[in-house]
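In terms of full-length UniProt numbering, the sequence shown is residues 3 to 225. In this text, a Cβ means the ideal position worked out from N, Cα and C, and glycines have one as well.
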Amino acid sequence: EKLIIVTIDGPAGVGKSTVSKKVAAATGFTYLDTGAMYRAVGLFFQEASVDLDNISQVREKLDMIEIELFPATDEDSDVGVRLCGEDVSEAIRTPEMAMVASKVSAIPVVREVLTKIQREYGTRGRIVAEGRDTGTVVFPLAAYKFFLDAEPRERAERRFRQLKARGEEADYQELLRMTIERDNNDRNRLVAPLKQADDAVLIDTTALDVEEVVKQILAIVNG
Ligand code: C5P
Numbered sequence: 003e004k005l006i007i008v009t010i011d012g013p014a015g016v017g018k019s020t021v022s023k024k025v026a027a028a029t030g031f032t033y034l035d036t037g038a039m040y041r042a043v044g045l046f047f048q049e050a051s052v053d054l055d056n057i058s059q060v061r062e063k064l065d066m067i068e069i070e071l072f073p074a075t076d077e078d079s080d081v082g083v084r085l086c087g088e089d090v091s092e093a094i095r096t097p098e099m100a101m102v103a104s105k106v107s108a109i110p111v112v113r114e115v116l117t118k119i120q121r122e123y124g125t126r127g128r129i130v131a132e133g134r135d136t137g138t139v140v141f142p143l144a145a146y147k148f149f150l151d152a153e154p155r156e157r158a159e160r161r162f163r164q165l166k167a168r169g170e171e172a173d174y175q176e177l178l179r180m181t182i183e184r185d186n187n188d189r190n191r192l193v194a195p196l197k198q199a200d201d202a203v204l205i206d207t208t209a210l211d212v213e214e215v216v217k218q219i220l221a222i223v224n225g
């Protein structure tokens with residue numbers, strides 16, 4: 003059987019996670035949240051007060067990291083993450099940790115290590131990988147690649163509604179500012195920048211709801 007990998011990349015807040023989870027559920031594939039890994043490394047480095055400009059310190063700490071993803075408890079939740087045995091599923095999901103993840107994700111050796119782990123998850127195929135570089139770098143030979151995009155205002159609004167729905171504090175202007183800053187970091191870094199793979203299908207989700215995006219993807223994957 004051919005190894006089937008679906009990649010879904012795009013900027014922050016575009017709805018990748020929600021869409022990817024639904025595509026995984028509909029196909030029976032495993033959902034691989036690569037962003038969760040960058041967040042976990044960010045948390046680890048922050049707790050250990052790692053100097054991100056000190057490459058030998060970064061390498062040394064990276065060697066100590068053990069990351070394990072586990073399925074969400076229900077379909078509305080994010081994937082769970084254990085960092086060196088400790089459940090950090092909630093700790094990594096704050097806007098602050100997203101920004102820290104964006105900083106550590108620009109460090110080449112961090113990407114090298116996480117990309118290797120991500121490819122191991124993909125060796126048997128049947129996965130839906132979600133992130134920034136899953137179609138360009140992690141799985142360049144993936145069978146089905148998608149790139150989701152939407153205007154920054156729309157993405158910040160979605161994040162705002164998501165946080166409010168969870169009963170958390172949210173400041174729209176601050177979310178918009180952070181969304182734009184994180185996109186700039188992710189698009190302009192030297193290693194594995196956020197960009198659409200040449201052979202990825204672009205879906206502009208600005209005016210689409212989740213179900214419509216999922217439908218478009220499934221039509222191609224099941225086609
Ligand atoms: O997708 P999520 O918002 O959880 O990702 C957090 C951060 O991790 C992103 O802003 C990006 O900097 C980084 N990331 C990455 N490559 C991936 C997935 C995430 O650089 N494949």
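Residue i burial status per 10 Å Cβ neighbour count (16 or more: buried)
i: Pro13; result: buried
i: Glu77; result: exposed
i: Ile57; result: exposed
i: Met66; result: exposed
i: Ile222; result: exposed
i: Gly87; result: exposed
Extent of the continuous beta strand (DSSP E) run through residue i
i: Glu8; result: Residue identity differs from the one stated: residue 8 is Val in this sequence, not Glu. Looking at the DSSP string, the run of the beta strand (DSSP E) that includes Val8 is 7 to 11.
i: Ala131; result: 129 to 133
i: Glu70; result: 69 to 72
Coil, strand or helix - residue i by DSSP
i: Thr207; result: coil
Nonlocal neighbours in the same chain, by C-beta distance under 7 Å from residue i, ignoring five residues either side
i: Ile6; result: Gly127, Arg128, Ala145
i: Ser104; result: Arg184, Asn187, Asp188
6 Å Cβ shell around residue i - same chain, five flanking residues per side excluded
i: Glu153; result: Thr208
i: Tyr174; result: Phe162
i: Asp135; result: Ala194
Cut-off 8 Å between Cβ atoms - residues of its own chain near residue i, not counting five sequence neighbours on either side
i: Ile119; result: Met39, Ile69
i: Gly82; result: Leu71, Phe72, Pro73, Ala74, Thr75, Asp89, Ser91
Endpoints, the alpha helix (DSSP H) within which residue i is located
i: Leu178; result: 174 to 190
i: Leu220; result: 212 to 223
Task: beta strand (DSSP E) segments (min. 3 residues) lying fully within the region 137 to 167 - done: 146 to 151
Open item on the list: I'd like the ranges of any beta strand (DSSP E) spanning at least 3 consecutive residues and lying wholly in the region 54 to 131.
Closed with: 69 to 72, 82 to 85
Task: Contained alpha helix (DSSP H) runs [length at least 4] in the region 7 to 43, N- to C-terminal order - done: 18 to 29
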